[in-house]
Ligand code: GLU
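In the working numbering, the protein residues as written are 1 to 563.
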């Protein structure tokens, strides 16, 4: 009701300011119903409220109307529901069919920023009836994490992004080796044993290092030595020859293989020599027939590096779509920090509610549709964009509001006795305010002596003063008569009135813990029906927020999503 009141005030103030200071009840009611069609069945009941607000607003001087509108903020116009389609991909006509890929590094949980590459690649593959490939880029034995392969797949499935083919780079090492040999033999690559500093100095001047000009035969010999462990870690790399005068020194003769003795979580110590990103990605994009590479613009320089390899091989480089950066406010996203936090025990896991990971969003009751929609709205635009936590919550609210059943939950409960009531044994309240078909929940009411006994939240209790009338939501109006413990009140009628409405529990209430976004627990009492919910159900705790049931045993625990 508070929400409705706020919207009524917004429309009344807007309407008044547009019409010389005087709002019209009918106009405001019309706007209200248009914006919140779920209220239509309650139009008669809301008429009184609208009238009251309009009268109040019309009495205010112009300045005050302006001031209040600024305070409550303008009405959120519902976004037109037109499908904001993605732009066409470039070069589609150049390929017989479209192949895209999502190539995550399994070194940490996927977060909302990673969804963009996955979602766009998937959407375009589907739009053009092409193929979408999932490829794990795990050629860094130091940071590939065994549990991430499955988690990333779970996240993709949850997002509705099914893939047609799956590859893991650590299964393809021999293939990369065979290309390395070919390139070394052709003298398009070389095994470089220079000190890195020494190499850089030469490179920055555009000059070759002594290793570069050795013959193909000598390169292969060095390569075999490298494979056999003849060079210590850091003492040899394979480099791909590029134009030594390339304007960006970082592109010149980039490294393609290095030695690592760290056992790999999938293939153990089978390999000592590991391909680096630019090499394996190029081989795979070609071998897998990828036509469109969709990724962030931080890879633009990598594209320049990869071009050299494609040229040596005589291959055509796929069409690259590099989208702009996405700044995401209010979410902890760095994979390194996340993994450090998990290892030290500071974070509870990839789904720690403080994280912006897909696992955390799922646990908090965000719907995949909402996540997809915010990212699709941003699309592949090359300009930088930003996404706020509020936008994500607003999208999710749109999707979840119609689905979530309503229940009462009273955090930090305090007791309230209500005297002089009619005989009331239970309340029957709709599971969803606008979907009658879902039926009702029953809240039994307990009696203590001559009074009915309830619990309301500490926060609501604090705001009440003696003599104030308020409504135990969907039940009755009462007037506070004592602020002692317990609080006491007297019955003040059953009919809906324009007074504050407070959720409550009574007989059979169940203890519940709510895990809040800052990882603290809020304790309270939920109405009995909540005990019958299953893990994974997303509900709205009225006047509190949307939550997802996280556990029912040994304790009932919900995870907080948003208001
Ligand atoms: N594994 C790379 C990454 O996650 C893929 C980049 C690319 O799409 O080429 O950054």
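Even glycine gets a Cβ: it sits at the ideal position worked out from N, Cα and C.
Just to confirm the assignment: which complete beta strand (DSSP E) runs, minimum length 3, are found wholly within the segment 424-507?
426-430, 440-444, 446-448, 451-457, 469-472, 476-482 and 487-491
Give the straight-line distance between the Cα atoms of residue 459 and residue 469, rounded to the nearest whole angstrom.
The alpha-carbon atoms of residue 459 and residue 469 are separated by roughly 16 angstroms.
Compare the beta carbon distance of residue 317 and residue 382 with 8 angstroms and say whether it is the shorter of the two.
no
Can you list, in chain order, the residues of its chain whose CB lies under 8 angstroms from that of residue 431, leaving out five sequence neighbours each side?
405, 406, 438, 439, 440 and 441
Taking 8 angstroms as the cut-off, decide whether the C-beta atoms of residue 546 and residue 400 are in contact.
yes
For residue 79 and residue 36, what's the separation of their Cα atoms in angstroms?
Confidence is the limiting factor: at residue 79 the pLDDT is only 48, short of 50, which leaves the residue's position unreliable and the question unanswerable from this model.
When we look at the beta-carbon of residue 83 and count the other beta-carbons within 10 Å, is it buried (16 or more) or exposed?
Unreliable positioning characterises residue 83 in this predicted model, as indicated by a pLDDT of 42, which lies under 50. A coordinate reading is not provided.
I'd like to know whether the C-beta atoms of residue 236 and residue 291 end up nearer to each other than 8 angstroms.
Inclusion of residue 236 and residue 291 in the CB contact set at 8 angstroms is not warranted, their separation being larger than that value.
For residue 107, is the beta carbon positioned less than 7 angstroms from some heavy atom of ligand 1?
no
Tell me which residues share the same chain as residue 378 and place their Cβ nearer than 6 angstroms to its Cβ, disregarding the 5 neighbours each side in the sequence.
385
Between residue 356 and residue 98, is the Cβ-Cβ spacing less than 8 angstroms?
no
At what residues does the beta strand (DSSP E) containing residue 524 begin and finish?
521-526
Contact between the segment 100-115 and the segment 148-162: three or more CB pairs below 8 angstroms?
yes
Grouping DSSP H, G and I as helix and E and B as strand, with all else coil, what is residue 222?
helix
Does the beta-carbon of residue 351 have 16 or more other beta-carbons within 10 angstroms, so that it is buried, or is it exposed?
buried
Just curious, the alpha helix (DSSP H) that residue 354 is in, first and last residue?
From DSSP, residue 354 is part of no alpha helix (DSSP H); its letter is neither H nor E.
Based on the DSSP secondary-structure assignment, which residues constitute the bridge partners of residue 236?
Paired residues: none, contrary to the question.
Compute the beta-carbon to beta-carbon distance between residue 582 and residue 242, rounded to the nearest angstrom, for a pair I have assumed lies under 8 angstroms.
Within the shown structure, residues of the chain are numbered from 1 to 563, placing residue 582 beyond reach of any answer.
Look up residue 274 in the DSSP assignment and give the residues it is bridged to.
Bridge partners of residue 274: 258.
Is it true that the segment 88-95 meets the segment 138-149, where meeting means three or more beta-carbon pairs spaced less than 8 angstroms apart?
The segment 88-95 makes no contact with the segment 138-149; the number of CB pairs closer than 8 angstroms stays below 3.
Is the segment 117-135 close to the segment 279-291, with three or more CB pairs under 8 angstroms?
yes
Can you tell me where the beta strand (DSSP E) holding residue 323 begins and where it ends?
319-323
Do residue 184 and residue 223 have their CB atoms nearer than 8 angstroms?
yes
Do you know how far the Cα of residue 475 is from the Cα of residue 505?
11 angstroms
According to DSSP, simplified to helix, strand and coil, what is residue 166?
strand
Are the beta-carbon atoms of residue 477 and residue 497 separated by less than 8 angstroms?
yes
What are the start and end residues of the beta strand (DSSP E) that includes residue 102?
99-102
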